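Take a look at the structure set out below.
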Amino acid sequence: MRTPTVTTLSDTSTWLPLDGLAPGFDANKAPVVGDLHGRTFVLHDDGDGPDRTARFTGTRVAWDGATVRCETFLVDPDLYYVQFHPAPREAVSLLLDLREGRALVITTTIGDSGTPRVTQEFRPATLDGFEARGEAMAPSTALIGRRVVWVYSREHAYEHVYLSPHWYTWQCLSGPERGLADTDENTVYRIRPGIHVFAWREKVIPCASVTVADHRDARRLRSHGVLFGLDGTGERPTHFTFGAYGRLLSTTVHPDGLDPAEG
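So for the sequence shown, my numbering puts the first residue at 478; every next one is plus one.
Right under this line is the structure:
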């Protein structure tokens with residue numbers, strides 16, 4: 478195998494397209510669950526957005542007038558991550574917390590242009606018929622300063638450094654992108670204590686991701702996620718789910734007045 482040079486690493490025109498990453502990347506994906514079969518949830522937007530309804534039947538969900546295949550993952554007791562692809566250029570991630578009566582809707586959209594090309598919208602909500610308890614799902618700075626290694630398969634491993642409310646840096650440690658690194662946009666939402674949505678939007682490859690990660694045990698991190706964007710032709714959408722095991726490598730503590738988490 479040819480060893481990458483500084484020149485080839487810097488030439489982003491040679492970077493692997495999203496569909497080139499997919500084979501084997503999902504090796505550490507958790508099994509899907511059928512716990513939501515036969516259940517209907519009405520989500521009341523925390524802002525001025527409309528109510529949304531999710532109706533589950535088997536491996537399908539009815540949402541905004543479309544019925545499509547979905548994948549449901551159990552993150553924690555009574556906490557579910559649901560992922561589906563209702564339109565060619567749209568993917569939806571649902572976080573449903575049946576214990577706390579809260580939800581988060583994340584819509585990822587492939588645009589015609591712009592940087593990043595793929596954008597995301599975050600809409601916290603409450604669940605009709607459930608008592609809303611605890612804190613609302615909201616933006617968080619809890620990950621800032623952490624350096625984590627994530628292992629997606631025997632072949633794929635990446636390092637993440639969470640820099641600020643807007644930026645994070647990734648580096649491929651193993652796999653077909655080994656040696657590549659970049660700094661991209663990110664958004665973090667607190668779901669439960671120690672459990673966060675971490676979403677990112679790449680500027681070189683037209684793609685974005687939504688993950689939900691359990692950071693409660695620094696030696697045994699666990700995440701569930703999706704990648705969505707365009708394939709190597711720049712025309713066809715690519716959508717696949719994955720999972721990873723992680724470990725906290727270090728934490729940076731910034732001096733007073735220089736902490737990015739302070740805004």
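C-beta atoms are modelled at their ideal positions from N, C-alpha and C, and glycine is treated no differently.
Only a predicted model underlies this, so the values are computations on that prediction, with no experimental measurement involved.
Spatial neighbours of SER651 in its own chain (CB-CB distance under 6 Å, excluding positions within 5 residues in sequence) are listed in chain order as ALA634. The criterion of a C-beta distance shorter than 7 Å is satisfied by VAL595 and CYS684. A residue is called buried once 16 or more other Cβ atoms fall within 10 Å of its Cβ, and VAL552 is buried on that count.
Around the C-beta of ALA543, fewer than 16 other C-beta atoms lie within 10 Å, and the residue is accordingly described as exposed.
Fully enclosed beta strand (DSSP E) runs of no fewer than 3 residues occupy 623-628, 634-639 and 644-651 of the region 607-652, in order along the chain.
With fewer than 16 other Cβ atoms inside 10 Å of its own Cβ, VAL730 counts as exposed. The three-state secondary structure of ASP555, taken from DSSP, is coil. With a cutoff of 7 Å on beta-carbon distance, ALA602 and ASP523 are scored as near each other. The beta carbons of VAL687 and VAL665 sit no closer together than 7 Å. Collapsing the DSSP output to three states places GLU662 in a strand. Ranked by how close their Cα comes to the Cα of ARG669, the residues GLU612, ARG600 and GLU739 have GLU612 in first place. In this structure, the CA atom of TRP647 is about 33 Å from the CA atom of ARG576. Taking C-beta atoms as the reference points, TRP627 and GLY723 count as a pair closer than 7 Å. Inclusion of PHE502 and TYR629 in the CB contact set at 7 Å is warranted, their separation being smaller than that value. Secondary structure at PRO563: strand, using DSSP grouped into helix, strand and coil. Burial check for GLY591: the Cβ neighbour count within 10 Å stays below 16, so the residue is exposed. Looking at the DSSP output, PHE533 sits in a beta bridge with VAL538. In summary, GLU679 is buried, with 16 or more beta-carbon neighbours lying within 10 Å of its beta-carbon over all protein chains present.
Of all C-beta pairs linking the region 696-710 to the region 606-620, fewer than three are shorter than 8 Å, placing the two stretches out of contact.
When TYR558, VAL569 and THR534 are compared, the shortest CA-CA separation from ASP541 is found for VAL569. For GLY723, there is no enclosing alpha helix (DSSP H); the residue is part of the beta strand (DSSP E) that begins and ends at 714-728.
Contact between THR517 and THR530 holds, with the beta-carbon distance rounding to 7 Å and staying under 8 Å. Along the region 664-701, the beta strand (DSSP E) occurs as fully enclosed runs of 3 or more residues at 672-678 and 684-691, listed in sequence order.
Just so you know, the alpha carbons of TYR557 and VAL510 end up roughly 9 Å apart.
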